[in-house]
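J.: Numbering (my numbering) for the sequence shown: 601 to 701. Have a look at the structure that comes next, please.
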Amino acid sequence: MVAMALMANRILAPRGATRAKSLTYECGMLPIGRSRTQVHFRYYLFAILFLIFDIEAVFLFPWAVTFLDIGEAAFYEMLVFILILGFGLLYAWKKGVLRWT
């Protein structure tokens with residue numbers, strides 16, 4: 601079955617890439633410059649920090665909803681979790697990750 605699907609794809613697939621298909625689309629006008637540009641490394645660092653603290657929020661919301669039901673041990677576990685993230689944020693701040701200039 602898989603082999604038949606692969607064979608059908610090979611037979612029915614369009615062939616011959618044209619110049620127009622390889623160009624990037626910019627509102628119907630011919631593109632100016634390169635389509636791939638390098639992004640500054642600081643954007644990646646900000647994206648990683650955003651993901652870390654976004655995941656923190658994903659963990660904090662269910663914990664806050666069930667805070668009264670889960671007991672005292674869960675409070676201390678979440679406190680350790682928040683402290684580790686806080687120390688990570690302080691480390692990033694000291695290293696200058698949050699400074700844009």
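Think of the CB as a built atom: it goes at the ideal place given N, C-alpha and C, for glycine as much as any other residue.
For the segment 674-687 and the segment 646-660, state whether three or more C-beta atom pairs, one from each stretch, are separated by less than 8 angstroms.
T.: Taking 8 angstroms as the limit for Cβ pairs, the verdict is that the segment 646-660 does touch the segment 674-687.
J.: Determine the extent of the alpha helix (DSSP H) in which residue 665 is found, giving its start and end residues.
T.: Here residue 665 refers to the residue found at position 65 when the sequence shown is read from its first residue. Unbroken alpha helix (DSSP H) run through residue 665: 641-665.
J.: Please tell me whether residue 642 and residue 693 are closer than 8 angstroms, where the distance is taken between their beta carbons.
T.: For the purposes of this step, residue 642 is taken as the residue at position 42 of the sequence shown. For the purposes of this step, residue 693 is taken as the residue at position 93 of the sequence shown. No.
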